[in-house]
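In order, the protein sequences belong to chains V and U. Mapping of the first sequence onto this note's numbering: position 187 corresponds to residue 187, and the numbering continues sequentially without gaps. Mapping of the second sequence onto this note's numbering: position 12 corresponds to residue 1012, and the numbering continues sequentially without gaps. Below is one structure, written out as structure tokens; the observations come after it.
Number of protein chains: 2
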Amino acid sequence: MTDSPKPFHIVFLLFDGITQLDFTGPAQVLCRIPGAVIHTAAKAVQPIQTDSGFAILPSTSLAGCPQADLLCVPGGFGIRGVIQDEATLQFLRDQAAAAEYVTSVCTGSLALGAAGLLKGKRATSHWAYTGLLEKFGATHEKARVVKDGNLITAGGVTSGIDFALTVVAEIAGQQWAESIQLSLEYDPHPPFNSGHPDVADPRTLALMRERVYDRQALDLADIIDRQ
Amino acid sequence: MTDSPKPFHIVFLLFDGITQLDFTGPAQVLCRIPGAVIHTAAKAVQPIQTDSGFAILPSTSLAGCPQADLLCVPGGFGIRGVIQDEATLQFLRDQAAAAEYVTSVCTGSLALGAAGLLKGKRATSHWAYTGLLEKFGATHEKARVVKDGNLITAGGVTSGIDFALTVVAEIAGQQWAESIQLSLEYDPHPPFNSGHPDVADPRTLALMRERVYDRQALDLADIIDRQ
């Protein structure tokens, strides 16, 4: 007989308008940590509308959520609602106080910031929003995964996969992380080289800023300044 | 006034035991095709238990599902049930007959095979199961994304993201695909180099084969042979 591993509680915050890959990428990796128990916590146990045209059913309300060993806040356009919801911010503070790891993917870091959890810390976010981190007393570090003590923040969306493998290596060892990477055939070959402002075609970048991100970043800056 | 883009119906098959990232990775990319409408089809409109400790709510039953412009079958350990379910295989045949694209990620290709949709085609699957493709009259092509006519099959799990960007470029043009890649910050930097048998540590590979994949592949081979 082998002893069952000690439960390792992983809590993801879910909210309408979540960029679902911010959550589903890390969940696919982190669920394979020995003893992992995934909790998906939302304000109410009702289907959450993701940004990708499908719904996820949360496992628990915020009030009923067990204490996380690892807390993870994904991002998405819905983060503007999270930032303005004091009950959710208090949930993040309460969970973070006793969690072994406090983490975010993409604009999830802005919710951690709004909860006061980034003060004096190095952190990152989706590339279009890293300029907002200083509003929370944080310093932006230009990296895909940034670790400052027990705070680990990841860049935009797909960086959550790299983040999660980094976390698994820390918790369960490098070989375990490598075996998960192998099982997920994570040997990425993007057909184009456009995944970061440093490498994207400048016209594509300008178009995305103009159509989406400049307005979104200003909108979020305004929300943060008013709080 | 700009005309709204013509609806482009994308149908994902969902089933219990799905490797959710096989679906959620492509969904995050494909939902940004102009006019995209995502349908998540399952035998019943009841929460689908993924392999990652959370549930997804399907949008439609198989019977009620609209005709796909793009049909996508994800994989996962639950694929063994799909392969043995004649009603689901008939759904795939019916959808494939009128779909513009017939696609799969990971072991989803085995369901296409069981439905008779891989005969005489080049295709791929998760690295541990590519040997099973010939049982369906297909030829394995060693690539992360394999296109043969309107059939596009992807390798294991995370290859679904590369697959989806490839599809977007074909449907909506390369600049559109690149702008999605930029918005998802898909500039992967895996912390380890272990995402394929060709590069993984041989001990890690042997361990994974021994613990998981050899038995699973034999089990699936047996199911296929009995049909």
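Glycine included, each C-beta is placed from N, C-alpha and C at the ideal position. Since this is a predicted model, take the numbers as computed values, not measurements.
Annotation for V/S59: no alpha helix (DSSP H) segment contains it, and DSSP assigns it neither H nor E. When rounded, the separation of the alpha-carbon atoms in U/D1016 and V/G173 is 30 Å.
Within chain V, L21, T24, G25, A27, Q28, V29, I161, L184 have C-beta atoms less than 9 Å from the C-beta of U/L1021, given in sequence order.
Only exposed fits U/Q1046, as fewer than 16 other CB atoms lie within 10 angstroms of its CB. In this structure, U/F1012 is the residue among U/I1033, U/G1081, U/F1012 with its C-alpha nearest to the C-alpha of U/L1057. By the 16-neighbour rule on beta-carbons within 10 angstroms, V/D198 is exposed. Of the other Cβ atoms in all chains shown, 16 or more fall within 10 Å of the Cβ of U/P1191; this residue is therefore buried. Taking a cut-off of 8 Å for Cβ pairs, the stretch 79–86 of chain V and the stretch 108–122 of chain V touch, as three or more such pairs fall below it. Contact of U/Q1174 with chain V is assigned, a C-beta pair being separated by under 8 Å.
Judged by DSSP secondary structure, V/S104 falls outside any alpha helix (DSSP H) and instead within the beta strand (DSSP E) spanning 101–104.
Excluding residues up to 5 positions away in sequence, L1014, I1048, P1058 lie with their Cβ nearer than 6 Å to the Cβ of U/A1042 in the same chain. In terms of Cβ geometry, V/P7 and U/P1188 do not form a close pair [threshold 8 Å].
For the stretch 45–61 of chain V, the set of residues with a beta-carbon nearer than 7 Å to any beta-carbon of chain U comprises P47, S52, G53, F54, A55, I56, L57, S59, in chain order. Separation of the CB atoms of U/T1158 and U/L1021 is rounded to 7 Å, and the pair is thereby assigned contact status at 8 Å. Contact with chain V is found for U/H1126, since one of that chain's Cβ atoms lies less than 8 Å from the residue's Cβ. With a threshold of 8 Å between beta carbons, U/R1144 makes contact with chain V. Close to U/D1201, with beta-carbon spacing below 7 Å, are these residues of chain V in chain order: E178. Not flagged as an interface residue toward chain U: V/T130, since no C-beta distance is shorter than 8 Å.
Straight-line measurement puts the Cα of U/Q1067 at about 33 Å from the Cα of V/P74.
The Cβ neighbour count for U/E1100, taken over all protein chains shown within 10 Å, is under 16; the residue is labelled exposed. In the DSSP secondary-structure assignment, U/Q1049 is bridged to U/A1055. Within the same chain, and ignoring the five residues on either side of U/F1091 in sequence, the residues whose Cβ sits closer than 8 Å to its Cβ are L1013, A1041, L1062, C1065.
Contact with chain U is absent for V/A99, since none of that chain's Cβ atoms lies less than 8 Å from the residue's Cβ. Contact of V/H189 with chain U is assigned, a C-beta pair being separated by under 8 Å.
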